[in-house]
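Take a look at the structure set out below.
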Amino acid sequence: MSTLLGSLRRLILAPSLEEVTFAGRGFPCAPSPATARLEAIPQAVVCGFEWGIDARDQWELERRLAMVETELRGFAYEGATMAFTVLDAMGGGKRRRTRDLLLGPGRPHIFLAYIGIGFAMARLPRPLWKKVLPDLGGTPYHPTMSWLAVDGYGFDLAYFHTRRWVGEQRVPDPYPWQGDAGYFTRAVDQGIGRALWFIHGARVPDVSAAVRGFAAHRQPDLWSGVGLAATFAGGCGNDALAGLREEAGEHRAELAQGSVFALKARHYSGSVPAHSDAAVEILTGLSTGRAAALADEAAADRYETWRGRIRAHFTADAEKTYR
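In this note's numbering, the protein residues as written are 12 to 334.
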């Protein structure tokens with residue numbers, strides 16, 4: 012059952028399911044099976060948020076999330092993590108909802124959970140950001156992959172305030188996430204790149220044109236975000252993916268790096284859908300198993316070092332990789 016306080020928070024913070032459709036956002040996409048599938052992703056996030064903000068306990072939330080189809084369940088956990096992050100950051104005392112969720116049933120979805128923390132950041136004042144990241148010490152990928160929270164923040168800006176952050180290409184003020192204020196805007200751009208995949212309905216020519224409309228120094232991180240979204244979310248066929256690889260041109264390594272990260276996230280969750288298998292093979296030339304192994308082999312304590320090692324795999328012998 013919903014709590015009164017939870018319902019109020021849901022009404023204030025969460026968009027409706029209609030608001031996250033392409034028509035609701037005003038995105039230039041004609042309805043199709045592909046756009047319907049892409050729309051289901053933010054709708055799963057909204058459902059997860061609403062269940063999390065209203066949940067009386069973690070058991071109830073876990074039961075609801077278990078009812079979501081496997082391919083979308085991680086997105087629902089993304090929304091639930093957003094809800095718990097808001098509750099923890101705004102509540103007094105030491106709140107542990109987010110930590111308990113991510114050390115428990117949310118652990119296989121940790122990559123998307125970090126993105127959910129970023130969605131919460133977009134709705135919280137910056138002074139509260141110091142409270143959003145739970146202590147997950149001793150668990151894989153923490154805190155290195157917590158940069159995905161900044162990625163999620165960037166996605167939220169572009170998806171819900173498209174004119175400002177895409178049309179006008181504004182840049183947010185830096186923030187010392189993990190002590191590195193200089194990298195903050197780059198991680199935001201990675202999230203904006205992911206959002207471009209959704210904003211343009213996975214239509215490769217339009218996505219490519221949108222990326223190339225940004226300043227040259229921002230395009231590598233944008234392409235990385237596109238590769239992540241194309242692989243994790245899907246939305247287009249194999250021929251279009253091959254076209255995306257060609258459109259990336261000099262940024263193929265960045266596109267491939269994003270694809271490898273997405274594949275690793277799917278692989279870690281225990282379920283890799285067919286569209287992710289196809290995307291990683293087309294965008295990187297690697298099998299699912301090899302891409303997951305590459306992500307592990309390249310792992311580093313610094314997020315950008317990790318990303319750079321993966322890019323290096325594709326730049327060392329690009330002709331062989333993309334023949």
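All residues carry an ideal CB built from backbone N, CA and C; glycine is no exception. Everything numeric in this text was worked out from a predicted model, so none of it was measured.
Counting every other CB atom within 10 Å of its CB across the protein chains shown gives A198 a total of 16 or more, marking it as buried.
A straight line joining the alpha-carbon of G260 with that of M101 spans about 45 Å. The region 188–198 and the region 206–226 do not touch, with fewer than three beta-carbon pairs separated by less than 8 Å. With fewer than 16 other CB atoms across the displayed protein chains lying within 10 angstroms of its CB, T316 is exposed.
With fewer than three CB-CB distances shorter than 8 Å, the region 148–156 does not count as touching the region 171–187.
Taking one beta carbon from each stretch, the region 34–45 and the region 74–94 have fewer than 3 pairs nearer than 8 Å; the two do not touch. Judged by their CB atoms, T155 and I128 are not nearer to each other than the 8 Å cut-off. Nearest in C-alpha terms to F60, of all of L72, L49, A51, is L72. If you check the CB distance, D232 and Q268 do not come in under 8 Å. Here R318 is not near A264, since their CB atoms are 8 Å or more apart. With respect to S287, F243 sits close: the two C-beta atoms are nearer than 8 Å. Shown here for A160: same chain residues with a beta carbon closer than 6 Å to its own, the five before and five after excluded, namely Y125, I128, G129 in chain order. Judged by DSSP secondary structure, Y125 falls within the alpha helix (DSSP H) whose first and last residues are 121–132. R256 has its alpha-carbon roughly 8 Å from the corresponding atom of I293.
The alpha-carbon of F272 is positioned some 23 Å away from that of T109.
Counted as a single uninterrupted DSSP element, the alpha helix (DSSP H) harbouring L239 occupies residues 230–243.
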